[in-house]
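K.L.:
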Amino acid sequence: MKVAIACDHTALPMKEEIKKELEELGIEYQDLGAYTEERVDYPDYAIKVCEQVANKSVDKGILICGTGIGMSIMANKVRGIRCALAHDTFSAKYTRLHNNSNVLAMGQRVIGHGLAREVVKVWLETEYEGGRHERRVVKITDYENNFSSK
Ligand code: RB5
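In the working numbering, the protein residues as written are 1287 to 1436.
1. Could you give the residue range of the alpha helix (DSSP H) that holds residue 1338?
2. Going by C-alpha distance, which of 1405, 1389 and 1366 is nearest residue 1375?
3. Beta carbon of residue 1387, beta carbon of residue 1368: below 8 Å?
4. Please return the same chain residues whose Cβ sits closer than 6 Å to the Cβ of residue 1371, not counting the five positions on each side in sequence.
5. Based on Cα-Cα distance, which residue from 1401, 1323, 1411 and 1326 lies nearest to residue 1380?
6. Rounded C-beta distance between residue 1336 and residue 1347? I'm assuming under 8 Å.
7. Would you call the region 1414 to 1433 and the region 1393 to 1400 touching, i.e. three or more CB-CB distances under 8 Å?
8. Measuring alpha carbon to alpha carbon, tell me which residue in 1425, 1292, 1378 and 1377 is nearest residue 1330.
9. Does at least one heavy atom of the ligand RB5 sit under 7 Å from the Cβ of residue 1328?
10. Identify, in the order they occur along the chain, each residue of the same chain with its Cβ nearer than 8 Å to the Cβ of residue 1320, setting aside the five sequence neighbours on each side.
11. So residue 1304 is in the alpha helix (DSSP H); what residue range does that whole segment cover?
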């Protein structure tokens, strides 16, 4: 599995912690920035990661900003992205099982680094359940492809 990760200027320390978790899990990753605390705009970083996921250069994406909300809003505008904002392991598990989320968003100002690492681990290690959930995920994709304004 390959993961792309990015953050805005508020979330560099959490990105570094999550990179350590990825290394411990033996997961290859691409760090797409930000690399300094100079103020940046979270949509630019959400787009960088989500385009890598959407074009299948990587399998999954992880986005971190102050709250995770801005990143998740932007991520879900990218065709093919199902981004989950998750700050607990229950949500992380079920968004993989039921929604087949391919991007995870979190907020540096919302949870501690230890919990963030656990959320990432559970999210990456949980497989999509498919079955009855597939019809619902397909409805999301169908709407995105056929009805969403261009
Ligand atoms: C940046 O100040 C902040 O707005 C951003 O990190 C994020 O929390 C947005 O949702």
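We treat Cβ as the ideally placed atom computed from N, Cα and C, and that holds for glycine.
P.N.:
Taking the geometry as given:
1. The sequence position of residue 1338 within the sequence shown is 52, counting from 1. First-last of the alpha helix (DSSP H) with residue 1338: 1328 to 1340.
2. Working through the sequence shown from its first residue, we reach residue 1375 at position 89. For residue 1375, the nearest C-alpha among the options comes from 1405.
3. Against the sequence shown, residue 1387 aligns to sequence position 101. Against the sequence shown, residue 1368 aligns to sequence position 82. Yes. Within cutoff.
4. On the sequence shown, position 85 is the one that residue 1371 refers to. The residues are 1354, 1358 and 1391.
5. Position 94 of the sequence shown holds residue 1380. Among 1401, 1323, 1411 and 1326, the Cα nearest to that of residue 1380 is on 1411.
6. Indexing the sequence shown from 1 puts residue 1336 at position 50. Indexing the sequence shown from 1 puts residue 1347 at position 61. With a Cβ gap of about 6 Å, residue 1336 and residue 1347 count as contacting.
7. no
8. As a position in the sequence shown, residue 1330 is number 44, starting the count at 1. Of 1425, 1292, 1378 and 1377, the residue nearest in Cα terms is 1292.
9. The residue you call residue 1328 lines up with position 42 of the sequence shown. Residue 1328: yes, Cβ under 7 Å from the ligand RB5.
10. Here residue 1320 is taken as the residue at index 34 of the sequence shown, counted from 1. If we look at residue 1320 and ignore the five residues flanking it on each side, its Cβ neighbours are 1292, 1293, 1294, 1295, 1298, 1326 and 1331.
11. If you number the sequence shown from 1, residue 1304 lands on position 18. Here the alpha helix (DSSP H) through residue 1304 covers 1298 to 1311.
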